[in-house]
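Heads up, the thing below is written out as structure tokens.
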Amino acid sequence: MAGDWRRIYEALFVRKSAIVGRGLYTARRIARRAKIGEFGGERIGLREARRRAKGRDIVAIVELDKFAYDASVGDNAFRWINHSCEPNTFIRCTPTRAEFYALRPIAPGEELTTDYVESHHNGKLPCRCGARKCRGFI
């Protein structure tokens, strides 16, 4: 069962998003609470992560306890996950990993979203998620 998430991850694909730019979608049903995959990319120090984030409008960086991952480097699918104020996934951070899990059942063809509430955007990036309970900014 521990490796089942790899089959889910392999069914993810990228296409145009109604939210913004491109988004991450699933070709198969994902059960509530199922692990979908892990955030990856270039492993960098926290100081470097903050330096890189300052110069970008769109940030694909997750900070962990002692290092960060910059998903703009490499081919990790989660670099394409868009924000929603009413997401269908959540990120579980451990000291060494950032794992994505389904908050509810997710249907084939549905875009995966997560809440960027704690991000480098500091509440200054206008939100385009279109959710009923949209906060207006990320």
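Position 84 of the sequence shown, counting from 1, maps to 84 under my numbering, and the rest follow consecutively.
Every residue, glycine too, gets a C-beta built ideally from N, C-alpha and C.
V14 and W80 do touch by the CB rule: their CB atoms are close to 5 Å apart, below 8 Å.
Nearest neighbour of G23 by Cα position, chosen from A60, A53, R50, turns out to be A60. Cβ-Cβ separation between T96 and L64: approximately 6 Å, consistent with a contact (criterion under 8 Å).
Excluding five sequence positions before and after G136, the CB atoms of its chain that fall closer than 8 Å to its own CB belong to P126, C127, given in chain order.
Judged by DSSP secondary structure, K16 falls within the beta strand (DSSP E) whose first and last residues are 12-16. Under DSSP, the beta-bridge partners assigned to F137 are P126. Listed as beta-bridge partners of D70 by DSSP are E42, I61. Of D75, R50, I138, I91, the smallest CA-CA separation from E42 is found for D75. Bridge pairing for A107: absent [DSSP]. For T26, the uninterrupted beta strand (DSSP E) segment begins and ends at 22-26. Assigned with DSSP and collapsed to three states, Y101 falls in strand. Using a 10 angstroms sphere on the CB of C129, the tally of other CB atoms reaches 16 or more, which defines it as buried.
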